[in-house]
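Beneath this line is the structure, given in structure tokens, with notes to follow.
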Amino acid sequence: ILLDNYPNNKFIIIIIGDHPKDVMLSNNLNCPFIGVLTGNHSAHQLKGYKDDDIIIINSIKELTIDKIKSLI
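The numbering used here numbers the first residue of the sequence shown as 352 and each following residue consecutively.
Take a look at the structure:
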């Protein structure tokens with residue numbers, strides 16, 4: 352609904368998180384997800400909630416423009 356209010360603006364939302372609830376949010380918003388393995392959940396657990404548009408990294412320090420561009 353929020354995006355419907357701004358039809359002429361072009362922007363992309365990417366959710367970054369370390370919890371399955373963060374992945375579920377990205378599913379609900381239909382946007383890509385970057386999982387960071389800084390919490391108590393494994394890559395397998397995070398990937399279990401999303402089939403595509405997902406990248407898993409060990410640390411936020413690994414996040415690069417190329418990785419972001421690969422999702423959009």
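By construction, the Cβ of each residue, glycine as well, lies at the ideal position given by its N, Cα and C atoms.
Quiz item: Where residue 393 and residue 384 are concerned, what is the direct C-alpha to C-alpha distance, given to the nearest angstrom?
Solution: 15 Å
Quiz prompt | Cβ separation of residue 386 and residue 407, assumed to be a contact under 8 Å, to the nearest whole Å | solution = Their Cβ separation, rounded to whole angstroms, is 4 Å, which keeps residue 386 and residue 407 in contact under 8 Å.
Quiz prompt | Distance CB(residue 390)-CB(residue 369) smaller than 7 Å | solution = yes
Quiz item: So residue 416 is in the beta strand (DSSP E); what residue range does that whole segment cover?
Solution: Counting along the chain, no beta strand (DSSP E) covers residue 416; the unbroken alpha helix (DSSP H) around it starts and ends at 416 to 420.
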